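Notes follow once the structure below has been shown.
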Amino acid sequence: MEACFLRGLVFVVLAAWTLGDDGQVTFVSELSSKLPQKLSKYGWYGNVRLQRFHIPEQTVMARWLFSVTKGHSFHCGQHNVTIHLRWGAPPVINPIGLAFPNSTFWSPFLSLTLPVTSQNSTTFNLSNPAPGDWFVAAHLPEDDGRIEQKGFPSCSYFFQPQLSVRRAVDTPVLQQGKFLTQTTAPDKPARLKVYVPEFASSLTISVTGCSSDEGVEGNCPLVLRLGSASLQHSQVAGNCSETGCSATLSNPPWDTWLRVVVESSQVNRTVTFSIVSNYTVGCKPESVGLKADDDLNKLRSIRTSIGSSLVVADAVAPSNQSEALLASLSASACVWSIPVLTEELDVLSLRFTPVSGPNISVTNTHPTLLTYPLQASVTGGTLNLQLTLNTTNGTMGNSSSVVACFSPWAPVLQLNNSQPCRTDLFGGYGVAVNASAPKAQVRLPFPQATTWYLTLQLICNSDNCGNTSVVSVVPDVFISACVDDCGTYGDCRLLRSYSYMYTACVCKAGWKGWGCTDDSAALSYRRQLTATLLLTLSNLLFLPAIVVAVKRCFITEASVYLFTMFFSTFYHACDQPGVAVMCIMDYDTLQYCDFLGSVCSIWVTILCMARIRDTFKYTLFMLGALLIAMSMQLDRKGLWNMLGPVLCVILIMVTSWVYRGVRRRHCYPPSWQRWVFYLIPGILCALIGVCLYVFAETEDNYYYIHSLWHILVAGCVVLLLPPREKERESFGWSRGWRWTWTWSWRPQVCGYTLCHSSKEELYTVT
């Protein structure tokens, strides 16, 4: 309670500190907090605690308070908590340095390390943050592979992020070509915003007419900054001289508000200045594939074929028709835009298909543009670009190639071999295909929620491309849940943080990495087969226990051991991480039956040792099985699901033994040979098995330790089963049915004779 109060007090103080005013705009403060979550050691992305925060438009300052609290009082040493921060999508992290799949790229992010002994906190401040969703991910160091049993006390750490933002609500707006007079001081920068329309090719912000509070004109000790801070990129800055300054953005982000900040670079100097914005539109794309009078009836001709691939019937234009269409475009057009159809297939599954058909015509004169809008709901998946050169309609020389640039927020329209695939604020991903390499691929886990642009153009080493001036390529852009569906040795898992959905690969058989492609610690097939055989064949050690139980007339106990042996064998055959797997039924059913049989075996064995009356024993058999089945349904891996029945049945056994010992005035069991050769070795086997199961199992030695657990449990059952009762005959009946081949036979059950009355009934007829 005290720690929570202190964190709240620090958070309120930090929030109150953001309520200052610089005299020109009004600021408001907004606070947000998340509930504490238990941290886990990093083994895969599912161990990361992911939180999402929203930063509104025109936020001038964001402050995160990261608090980590220890959950238990006993000494656990010092652990470092790693915190990752990224704008627009969850951070793609690789804390243990594993290999990524080929052609996989990701954006940079910020990482913080917080050492924790009992409790600790740290703050992170970010000026002029980019508006939108920000993601915070936290985890403990790499998992050491130790298998911790649920319910036992362990070192636990709880992570809680909190955010306070300072937002301007009346920021002045720069109009196209209109001067605006502003004043700035060292501690009171001028904050403005400008809207960048679609198709803008450049944006210029100019500062002129500077005058200071001392009456001196022509001196501009100012710094002009454009854009927001997003950790992936920095703001564009320009230092002003005596005559003023300007900052120009080539390929600015389309259809968005851009932040403009003017700061004074001299102490105790207030400067008044004029500022103006100008943007240019080099050209507007001309649409190819749909005419002005087209409507939705055109799109109704698109049919969905098997495998969710789209086939366009009426809207598909052959290659020669596309070339003729491109040739008929006006000479003023500089970009040919291809409309794209968006189809939602499943959760985090999206496919984009050009309306004009899968083949896109690309020329050497002007670039071809395709637009792919991404909503925030799909940023938890993987954005894939597969570019294939279509060589069926023609051949392309070795000196020619199709260059592509895949960029967010704004397209890169100037494509050549030397031009980088990036804008002034955002980076893109460039690929190329040619006759020798007709395929290229780009994978982007957790892409940003914005509009992505694909620009294509034919580039030749010489000015004349010869006979090949138009080529066909097939751009396949889609959202998938995981990279290559996690490959052969991985499973794609859908994860959730509150309402946000994202995916990650959980690997098996020693494979690791973002797409389960890192084979540095992969298990060979021989080792996988050895592990499967150890875990399954070790259950055959229950056969001696079954034989002993049948021989001693414990038929019910033998049936429980048979049930346990069967389902434990096939559960472990289905639970293997590699390719040596065999599942005879649903995995969850096998696991449930294995856990149920294990606890029931312990229950019936100790009840059998208690030597209570059959009526009570079989009643407790059934009642215990029902209660154990209920507890397994609630939480089959809980500690008390096994410990509770064991303690209860041990109490029953001890009570029965004490009662017998007091009544006989002798220790029970009375034979010292029984204690020395059976009970004490059986108890030691059980204790060693429990210690190995609870404290010694790791992911590396699991196959050997768990197989040894099977052997020890089966061995202790053989040693602990009591001898057959003297009055018990074969098949467990104390006094079974005695068949007498006479006309009047009388069966005897449980020591009582079923008597047949020979009295004749008299009926009176009136």
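Each residue of the sequence shown is one higher than the last, beginning at 369 in my numbering.
Glycine included, each C-beta is placed from N, C-alpha and C at the ideal position.
Everything numeric in this text was worked out from a predicted model, so none of it was measured.
Residue environment for Lys-438: buried (at least 16 other C-beta atoms within 10 angstroms of its C-beta). Shortest Cα-Cα distance from Asp-844 to any of Asp-962, Phe-720 and Glu-712 involves Phe-720. Ranking Thr-900, Leu-902 and Cys-875 by CA distance to the CA of Ala-890 puts Cys-875 first. When the Cα atoms are used, Asn-802 and Asn-470 turn out to be separated by approximately 19 angstroms. Taken atom to atom, the span from the alpha-carbon of Pro-458 to that of Ser-768 is near 38 angstroms. The beta-carbon distance between Thr-648 and Ser-569, rounded to whole angstroms, is 6 angstroms. This is short enough to meet the 8 angstroms contact definition. Rounded to the nearest whole angstrom, the CA to CA distance from Lys-919 to Thr-898 is 33 angstroms.
Within the same chain, Cβ atoms closer than 6 angstroms to the Cβ of Phe-547 are found at Ser-642 and Val-644, the five residues on either side in sequence being excluded. Burial check for Phe-846: the Cβ neighbour count within 10 Å reaches 16 or more, so the residue is buried. In the structure shown, the three-state DSSP call for Met-950 is coil. Cβ-Cβ distances below 7 angstroms link Gly-595 to Gln-603, Val-604, Leu-626, Arg-627 and Leu-793 in the same chain, with the five nearest sequence neighbours on each side left out; the list follows chain order. Assignment of beta-bridge partners to Arg-420 by DSSP yields Phe-503. Within the DSSP secondary-structure output, Val-799 pairs in a beta bridge with Ala-772. Excluding the 5 residues flanking it on each side, Gln-743 has same chain C-beta neighbours closer than 7 angstroms at Ala-817, in chain order. When DSSP states are grouped into helix, strand and coil, Pro-843 belongs to the strand group.
Nearest to Phe-814 by C-alpha distance, out of Leu-1088, Leu-903, Ser-717 and Gln-446, is Ser-717.
Looking at the backbone, the Cα of Trp-1040 and that of Leu-1087 are separated by about 14 angstroms. For Lys-919, no pairing in a beta bridge is given by DSSP. Across the structure, Thr-481 and Trp-412 are spaced so that their CA atoms are roughly 19 angstroms apart. Residue nearest to Cys-1016 within the set Trp-1043, Ser-633, Val-972 and Gly-1050 is Val-972 (criterion: CA-CA distance). Note that the segment 878-885 touches the segment 848-864; at least 3 beta-carbon pairs, one per stretch, sit closer than 8 angstroms. Between Val-533 and Thr-394, the gap from beta carbon to beta carbon reaches 8 angstroms or more.
Annotation for Tyr-986: Thr-924 place their beta carbon closer than 8 angstroms to its own, counting only its chain and skipping 5 residues before and after. The bridge partners DSSP lists for Val-436 are Asn-488 and Phe-527. The Cβ atoms of His-447 and Pro-521 lie no closer than 8 angstroms to each other. CA-to-CA, the gap between Tyr-740 and Arg-811 works out to about 15 angstroms.
In the three-state reduction of the DSSP assignment, Leu-617 falls in the strand class. Gln-754 and Gly-878 have their alpha carbons spaced roughly 29 angstroms apart. For Tyr-857, no beta strand (DSSP E) segment is defined, and its DSSP state is neither H nor E. By the neighbour-count criterion, in which 16 or more other beta carbons inside 10 Å mark a residue as buried, Ser-969 falls on the buried side. The criterion of a C-beta distance shorter than 8 angstroms is not satisfied by Ser-609 and Pro-554. Asp-623 sits in coil when the DSSP states are folded into three classes, being neither helix nor strand.
Bounds of any beta strand (DSSP E) do not take in His-601, whose DSSP letter is neither H nor E. Thr-710 is positioned such that its CB atom lies no closer than 8 angstroms to that of Pro-779. Counting along the chain, Pro-1049 sits inside the alpha helix (DSSP H) bounded by residues 1048-1059. For Cys-578, the enclosing beta strand (DSSP E) stretches over residues 570-580.
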